[in-house]
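Below: one structure, written as structure tokens.
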Amino acid sequence: MNIERWSSGNNEIDKLIKDTIYGARNENHNFLEWVPFDKFKDINQIGEGGFSKVYFATWIDGPKIHKKYGIWEKRKSEPIKVALKRLNGSENISAEYLNEIKILWDLCQIHNGCLSFYGMTKDPETEELMIISEYADKGNLRSVISHNFNNTLWKDKLLYLHWITHGLKSLHELGYFHKDFHSGNILQVDYETYISDFGLSGPSNKQKSDDKICGVLPYIAPEVLNEEPYSLSSDIYSFGIIMVELSSGKPPFHKIKHDITLALEICNGLRPEFGKGTPEIYKKLAYKCMNANSNQRPTAEELYDIIKFWLYSNSLNTFENYLEKEEFGYKGKEIKAMFEEADKEIPNISTSYDKNPDAVYTSRLFTFSNLTKPVNSSIITEYLNDEENNKGIKFF
């Protein structure tokens with residue numbers, strides 16, 4: 001099949017896809033494809049965000065393989081499972097959003113924490129564009145937490161966090177931040193965890209505005225709510241919220257209406273509650289991530305190193321040398337004992353909860369004004385400053 005014998009109907013999309021094809025010099029190089037919609041079957045909606053819908057589908061003949069300059073052929077005729085992300089309103093997709101799709105593609109080529117990005121298609125009925133990507137067979141972290149919380153030990157939670165910090169560290173090392181980081185954008189494939197939707201926040205058919213904040217309110221850093229520019233440390237705040245969610249089994253602020261009142265309370269130091277029995281060192285690290293002062297939050301690399309030490313200390317037999325190793329103020333065997341003690345409380349934690357009808361866990365656009373300068377609550381201040389809590393814990 002020749003590169004010039006198809007068109008998406010959008011010149012900029014055609015150029016984006018063709019550039020990736022011409023850039024594939026041999027069969028080991030990936031490239032994007034424009035796939036006719038009739039090449040998919042078994043299409044079923046599996047999720048919905050603020051600006052998109054996600055579908056499971058079977059791609060009948062699967063991705064192609066590079067043959068020679070500008071020409072490709074099918075790698076195999078076997079069907080594969082994929083996810084189709086329909087971009088609401090994308091029949092009039094903006095140039096800015098297309099550029100974010102290009103950045104997503106570039107990141108997927110150099111960042112090993114990405115799901116495979118295969119190409120694009122179009123729904124013939126709505127004319128809306130759809131991104132074709134690898135299917136996450138286990139769903140997102142939010143669904144994993146809600147369905148199996150009381151059977152998930154702390155070593156399993158640490159494994160999730162290990163994969164998440166690995167992906168976040170790689171993203172930050174490349175100079176990018178996520179902008180819409182929450183448990184719904186963390187996907188599970190087999191036993192591995194991936195961060196999805198890098199930068200693809202907000203509507204696809206509108207130009208981004210500096211006075212618009214986009215995201216899931218409980219995960220948005222207080223300085224961003226206060227109209228400060230997004231930064232790497234804003235992702236770290238969101239990670240801290242995810243840490244709390246993993247400890248409690250409940251989405252953050254599920255009892256509260258997600259509106260300007262909650263935004264104001266977050267700026268005044270309100271943070272979600274940890275689950276019963278959560279180790280104190282875990283709380284302390286999460287509170288550091290949720291510090292109102294963005295300059296005092298840890299980096300993704302520091303988080304990765306800490307979580308890795310905790311995980312390896314809790315692994316049975318595989319990493320026995322870690323039990324006598326001392327890092328961040330504790331020996332591995334002390335870390336192991338803390339998390340094993342916390343495991344005893346997991347069966348006793350109730351995962352049932354009443355959700356406020358106005359608690360929204362999909363991305364939305366917000367405009368806030370006259371919020372107070374972010375401050376820490378007395379609880380966070382105590383954790384960060386109290387000598388007894390700080391004793392021997394030298395994270396970074």
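Under the UniProt record's numbering, the letters of the sequence shown match residues 1 to 396, in that order.
Glycine is no exception: its CB is placed at the ideal position from the N, C-alpha and C atoms.
Just so we're clear, the structure is a prediction, and the values are computed from it rather than from any experiment.
Proximity to residue i [Cα-Cα], best of the options
| i | options | result |
| --- | --- | --- |
| VAL189 | GLU134, TYR237 and ALA24 | GLU134 |
| PHE152 | LYS81, ILE46, SER248 and TYR287 | The sequence as given places Thr at residue 152; Phe does not occur at that position. The candidate whose alpha carbon is nearest that of THR152 is SER248. |
| GLY269 | LEU98, ARG86, LEU84 and THR381 | THR381 |
| LYS138 | TYR118, TYR160 and TRP154 | TYR160 |
| ASP42 | TYR330, ILE80 and THR351 | ILE80 |
| LEU217 | THR367, VAL375, PHE40 and PRO63 | THR367 |
| PRO36 | GLU48, ASN30, THR58 and ALA24 | THR58 |
| residue 403 | SER294, LYS373 and VAL144 | Limits of the chain in this structure are 1 at one end and 396 at the other, which puts residue 403 out of reach. |
| PHE54 | TYR330, LEU87 and PRO251 | The sequence given here places Val at residue 54; Phe does not occur at that position. If we check each option's Cα against that of VAL54, LEU87 comes out closest. |
| ASN117 | TYR97, VAL82 and LYS157 | Note that residue 117 corresponds to Phe in the displayed sequence, not to Asn. The option with the nearest alpha carbon to PHE117 is VAL82. |
| LYS15 | MET243, ASN150 and ALA95 | ALA95 |
| residue 397 | PRO63, LYS257 and PRO357 | The chain is shown only over 1 to 396; residue 397 falls outside these bounds and no answer can be derived. |
| PHE339 | GLU273, LYS18, TRP154 and ALA24 | TRP154 |
| SER90 | MET120, GLU128 and LEU104 | GLU128 |
| HIS258 | SER369, GLY215 and ASN376 | GLY215 |
| GLY119 | TRP310, LEU84, LEU141 and ILE145 | LEU84 |
| SER315 | LEU158, GLN45 and SER143 | LEU158 |
| ILE13 | THR278, PHE40, ASN99 and ALA24 | ASN99 |
| MET290 | ILE306, ASP305, LYS169 and VAL375 | VAL375 |
| HIS254 | PRO229, ASP305, VAL144 and ASP358 | ASP358 |
| ILE281 | SER350, GLU345, TYR383 and PRO229 | TYR383 |
| TYR353 | TRP105, GLN109 and GLY275 | GLY275 |
| ILE195 | GLU301, TRP163, ILE213 and TYR312 | TRP163 |
| PRO279 | LEU246, ASP305, HIS147 and PRO252 | LEU246 |
| ASP197 | LEU303, ALA300 and LYS102 | LYS102 |
| ASP123 | PHE149, PHE40, GLU78 and PHE177 | PHE40 |
N- and C-terminal bounds of the beta strand (DSSP E) containing residue i
| i | result |
| --- | --- |
| THR165 | That residue, THR165, is in no beta strand (DSSP E); its alpha helix (DSSP H) goes 154-173. |
| THR261 | Run containing THR261: none in the beta strand (DSSP E); it sits in the alpha helix (DSSP H), 260-267. |
| LEU365 | 364-366 |
| GLY215 | 213-215 |
Run of the alpha helix (DSSP H) containing residue i, from where it starts to where it stops
| i | result |
| --- | --- |
| TYR97 | 95-110 |
| TRP310 | 300-314 |
| ARG271 | Run containing ARG271: none; DSSP gives neither H nor E here. |
| ILE379 | 378-385 |
| CYS289 | 280-289 |
| GLY332 | 332-343 |
| GLY240 | 232-248 |
| PRO222 | 222-225 |
| LYS179 | Looking at the DSSP string, LYS179 is not in any alpha helix (DSSP H), and its letter there is neither H nor E. |
| ILE13 | 11-22 |
For residue i, the residue or residues it bridges with in DSSP
| i | result |
| --- | --- |
| MET120 | TRP34 and ILE131 |
| TYR353 | BP columns for TYR353 are empty, so no partner. |
| TRP59 | PHE40 and ILE80 |
| TYR194 | LEU187 |
| SER52 | LEU87 |
| GLY47 | VAL54 |
| ASN140 | LEU187 |
Buried or exposed (CB count within 10 angstroms, at least 16 for buried), residue i
| i | result |
| --- | --- |
| THR20 | buried |
| LYS250 | buried |
| ASN385 | exposed |
| SER52 | buried |
| THR193 | buried |
| ARG297 | buried |
| ARG271 | buried |
| THR372 | exposed |
| SER7 | exposed |
| GLU125 | exposed |
| residue 397 | The displayed coordinates of the chain run from 1 to 396. Any statement about residue 397 would go beyond what the structure contains. |
| PRO347 | exposed |
| GLY202 | Bear in mind that the predicted position of GLY202 carries a pLDDT of just 47, short of 50, making it too unreliable to give a figure here. |
| ILE379 | exposed |
| GLY9 | exposed |
| ASN11 | exposed |
| VAL144 | buried |
| ASN185 | buried |
| LYS344 | exposed |
| GLU341 | exposed |
| GLY23 | exposed |
| PHE396 | Any reading at PHE396 must be qualified, since the residue scores a pLDDT of 49, below 50, and its modelled position is unreliable; the value itself is stated next. It counts as exposed. |
| GLU33 | buried |
| SER204 | With a pLDDT of 47 at SER204, under the threshold of 50, the modelled position of this residue cannot be trusted; read the value that follows with caution. When all chains shown are included, SER204 counts as buried. |
| TYR191 | exposed |
| GLY113 | buried |
| HIS147 | exposed |
| ASN150 | exposed |
Check: residue i C-beta below 8 Å from any heavy atom of the ligand FMN
| i | result |
| --- | --- |
| ILE335 | In terms of ligand content, the structure shown is empty, and the ligand FMN therefore cannot be addressed. |
*Do the region 354-366 and the region 264-282 make contact, defined as three or more Cβ pairs closer than 8 Å?*
no
Is the number of C-beta pairs between the region 238-253 and the region 170-183 that are closer than 8 Å three or more? yes
How do the region 162-173 and the region 217-229 stand: do at least 3 beta-carbon pairs fall below 8 Å, yes or no? no
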